[in-house]
Ligand SMILES: Nc1ncnc2c1ncn2[C@@H]1O[C@H](COP(=O)(O)OP(=O)(O)OP(=O)(O)O)[C@@H](O)[C@H]1O
Ligand SMILES: [Mg+2]
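Chains as they are written, first to last, in my numbering: chain A, 1 to 259; chain B, 1001 to 1316.
Put into structure tokens, the structure is as follows:
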């Protein structure tokens, strides 16, 4: 296998199918995600976008097909054969659409949890907490400042704060492929701008970012490439202009007068 | 010396210590990681029996304290391995599955202890253990053993306190509150549960070995579900998510009954054989119901991460 042309990691999905109670929800023949710095995944409600991302993370099993990761260095890993917790060590990370948090842990806890490696998490490593905090202090402070968390020692309260914390946890994992499922839904405008600029920077620094988003401004501003899904299938993959102008996309999703 | 000390008081106090130790360990399993364990008596009992059988039946080429140390060590390892095995079986099961698995394990230990008569003495029991030292009168030996056990349980308390302040404890809480999210952050939640059960079960086994020395007799009647229930009731009453939960809860239940009422309440002697043991279970049950109704998080209340994190870090 040769290295990817663009020097980023990409994900290839082949013959991937998923049904729930007999109804096919995802049926993707051949799709590459991550061949652009920031790629959009568009589609109407129920198109199967979230399900596809969860299949990539192997947090739900595939009925058929494979998902492979092609790293920038040319190596290939079959993600669909690995357990969910190993995705992170291969640089594949996802944020969740539905708000998800650890209900006892503080914001700082969450961030320290994300950066801790198994060497810190031994049941007998006495000074691990100090080492961990010292090692990641600057990075954690940077994100606390940048996203304006008021009290790192509080438990995330509002839906927006939990959503943001989810994104920050992903960023702290230094992903090579970052899947974001509606990252800006429910965030205030200024925070949305901050999130967008972080995404843009990540893309420029070599991470392949894939975003699902119903806020089309976010998609048109950030994405270099857009994949359009409906009813579980990939109908188109092209540059944003072509997608905006396509009659099928307009009919199935954007609606007349949109765009 | 020690004339003021009643022999029953010593054993009552020892019992309270044992249940506190077990409650502290169950706290790590159920309070932090939310893995149900109804087989506490099994892990503890396995330690007790492995210790006793090895101590009594094996012809050791050296005497105490080495004989004690090696047997206690092997008991600890045996219970740790059992914990690993049981955790592996129940890691992906829900609460019901974990309940059945752990309870089943404890039942197997009890059945083996009762039926392997050659080895364990069966229902009649088996004597022949000794204190690993001899300081004269039995009461002095027992008193010193209670002190040693106090140090051990104190060390377990310090360990639990440390766990709350370590990345390991944070991982356990993450596993308990949102396992899929923990996995997506790269955490092997199964490995976390295996590690947790191996270490905590090992310590339960060590507590079992301590019990063996104190009473110098193996009796299957001591390793029944009553031990599990006492540890769980105390822990839940005190606060299942709190470091001090087991200490406070067990003092209020087992401590209150087996020490304060038994020794200091001016009750007629004949009550103690008949009424008190029944009343004890009834009052534990009633206390648990009341606490769960009016203070569902236990006497000490919720886990308080914000306060703890503020104390140990200076991010602001
Ligand atoms: N666990 C599940 N069990 C049953 N059906 C499911 C499950 N998860 C998803 N579905 C169904 O699969 C279809 C696709 O859902 P999915 O969440 O992937 O859509 P989506 O494109 O992310 O939609 P949205 O834009 O609303 O988030 C929907 O019809 C949904 O009801
Ligand atoms: Mg979705």
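Cβ coordinates follow ideal geometry from the N, Cα and C atoms, glycine included. Quantities reported herein were computed from a predicted structural model and do not represent experimental measurements.
Quiz item: Does the Cβ of residue 184(A) lie closer than 8 Å to at least one heavy atom of ligand 2?
Solution: Placement of the Cβ of residue 184(A) at a distance of 8 Å or more from every heavy atom of ligand 2 is found.
Quiz item: Whole alpha helix (DSSP H) runs in the stretch 95-134 of chain A with 4 or more residues, listed along the chain?
Solution: Runs found: 107-115.
Practice problem: To the nearest angstrom, report how far apart residue 1309(B) and residue 1059(B) are at their CA atoms. | Solution: Cα to Cα, residue 1309(B) sits roughly 52 Å from residue 1059(B).
Quiz prompt | Coarse secondary structure for residue 1291(B), derived from DSSP in three states | solution = In the structure shown, residue 1291(B) falls within a helical segment according to DSSP collapsed to helix, strand and coil.
Practice problem: Check residue 1066(B) in the structure and name its three-state DSSP category. | Solution: In this structure, residue 1066(B) counts as helix in the three-state DSSP scheme.
Exercise. Rank 1303(B), 1236(B), 1245(B), 1181(B) by C-alpha distance to the C-alpha of residue 1293(B) and give the top, closest one.
Key: The shortest Cα separation from residue 1293(B) among 1303(B), 1236(B), 1245(B), 1181(B) belongs to 1236(B).
Quiz item: With C-beta atoms as the reference, is residue 1232(B) less than 9 Å away from residue 1035(B)?
Solution: No, the Cβ-Cβ distance between residue 1232(B) and residue 1035(B) is not below 9 Å.
Practice problem: Out of 1154(B), 1169(B), 1141(B), state which residue places its alpha-carbon closest to the alpha-carbon of residue 325(A). | Solution: Absent from the model: residue 325(A). The displayed extent of chain A is 1 to 259, so no value can be given.
Quiz item: Which of the residues in the stretch 178-198 of chain A, read from start to end, lie with their CB under 9 Å from any CB of chain B?
Solution: For the stretch 178-198 of chain A, the beta-carbon criterion of a distance under 9 Å to any beta-carbon of chain B is satisfied by none of its residues.
Quiz item: Any contact of the stretch 1159-1167 of chain B with the stretch 61-68 of chain A, i.e. 3+ C-beta pairs under 8 Å?
Solution: Taking 8 Å as the limit for Cβ pairs, the verdict is that the stretch 61-68 of chain A does not touch the stretch 1159-1167 of chain B.
Self-check item: Backbone CA spacing between residue 1267(B) and residue 1261(B) [nearest angstrom]
Solution: One C-alpha to the other measures close to 8 Å.
Quiz item: Does any heavy atom of ligand 2 sit closer than 8 Å to the C-beta of residue 1018(B)?
Solution: No, Cβ of residue 1018(B) sits at least 8 Å from all heavy atoms of ligand 2.
Quiz item: Does DSSP put residue 210(A) in a helix, a strand or coil?
Solution: DSSP places residue 210(A) in strand when its eight states are reduced to three.
Self-check item: Whole-Å CB distance - residue 38(A) paired with residue 200(A), under 8 Å assumed
Solution: Between the beta-carbon of residue 38(A) and that of residue 200(A) there is about 7 Å, and that keeps the pair under the 8 Å contact cut.
Quiz prompt | Contact check, residue 96(A) vs residue 1181(B), beta carbons under 9 Å | solution = Taking a C-beta distance under 9 Å as the contact criterion, residue 96(A) and residue 1181(B) qualify as a contact pair.
Quiz item: Where does residue 222(A) fall in DSSP's three states?
Solution: Of the three classes helix, strand and coil, the one that applies to residue 222(A) here is helix, per DSSP.
Quiz item: Is residue 18(A) near ligand 3, with its Cβ less than 8 Å from a heavy atom?
Solution: Summarising the ligand content, the structure contains ligand 1 and ligand 2 and does not contain ligand 3.
Quiz item: Does DSSP put residue 6(A) in a helix, in a strand, or in coil?
Solution: When secondary structure is reduced to three states using DSSP, residue 6(A) falls in the coil class, being assigned neither helix nor strand.
Practice problem: Go ahead and pull the three-state DSSP assignment for residue 1298(B). | Solution: The answer is coil: DSSP assigns residue 1298(B) none of H, G, I, E or B.
Quiz prompt | Minimum C-alpha distance to residue 1102(B) - residue among 1113(B), 1077(B), 1057(B), 1087(B) | solution = Among 1113(B), 1077(B), 1057(B), 1087(B), the Cα nearest to that of residue 1102(B) belongs to 1087(B).
Quiz prompt | Integer-rounded CB distance, given that residue 1083(B) should sit under 8 Å from residue 1051(B) | solution = By a beta-carbon distance limit of 8 Å, residue 1051(B) does not contact residue 1083(B). Their separation comes to about 16 Å.
Exercise. Give a yes or no on whether 9 Å exceeds the smallest Cβ distance from residue 1167(B) to chain A.
Key: Taking 9 Å as the CB threshold, residue 1167(B) lines the interface with chain A.
Quiz prompt | At least three beta-carbon pairs within less than 8 Å, the stretch 1176-1196 of chain B to the stretch 81-100 of chain A | solution = Output reads yes: the stretch 81-100 of chain A touches the stretch 1176-1196 of chain B.
Quiz prompt | Residues bridged to residue 1174(B) [DSSP beta-bridge criterion] | solution = None; residue 1174(B) has no bridge partner.
Quiz item: Could you give the uninterrupted runs of the beta strand (DSSP E) lying entirely in the stretch 1232-1277 of chain B, keeping only those of 3 residues or more?
Solution: Taking 3 residues as the shortest admissible run, the stretch 1232-1277 of chain B contains no complete beta strand (DSSP E) segment at all.
Self-check item: Buried versus exposed call for residue 146(A) [16 or more other C-beta atoms within 10 Å across all chains shown]
Solution: Burial call: exposed.
Quiz item: For residue 58(A), which three-state DSSP category applies?
Solution: In the structure shown, residue 58(A) adopts coil according to DSSP, grouped into three states.
Quiz prompt | Proximal residues to residue 148(A) (C-beta, below 6 Å), its chain only, five neighbours per side dropped | solution = Nothing meets the Cβ criterion.
Quiz prompt | Cβ-heavy atom distance, residue 52(A) to ligand 1, below 8 Å | solution = For residue 52(A), the CB falls within less than 8 Å of some heavy atom of ligand 1.
Exercise. With a 10 Å radius around its C-beta and 16 neighbouring C-beta atoms as the bar for buried, classify residue 1141(B) as buried or exposed.
Key: Classification for residue 1141(B): buried.
Quiz item: Using CA coordinates, which residue listed in 80(A), 25(A), 109(A), 42(A) is at the minimum distance from residue 13(A)?
Solution: Selected option, being the one with the closest Cα: 80(A).
Quiz item: Can you find a C-beta in chain B that's less than 9 Å from the C-beta of residue 116(A)?
Solution: Cβ-Cβ to chain B under 9 Å: yes for residue 116(A).
Quiz item: Would you say residue 159(A) reaches chain B, if we count a Cβ-Cβ gap shorter than 9 Å as a contact?
Solution: Not one chain B Cβ lies under 9 Å of residue 159(A).
Quiz item: How about residue 21(A): is its Cβ closer than 8 Å to a heavy atom in ligand 1?
Solution: Yes.
Exercise. Using a cut-off of 7 Å between C-beta atoms, extract the partners of residue 104(A) located in chain B.
Key: In chain order: 1173, 1177, 1303, 1305.
Practice problem: Please say whether residue 167(A) and residue 261(A) have beta carbons closer to each other than 9 Å? | Solution: Within the shown structure, residues of chain A are numbered from 1 to 259, placing residue 261(A) beyond reach of any answer.
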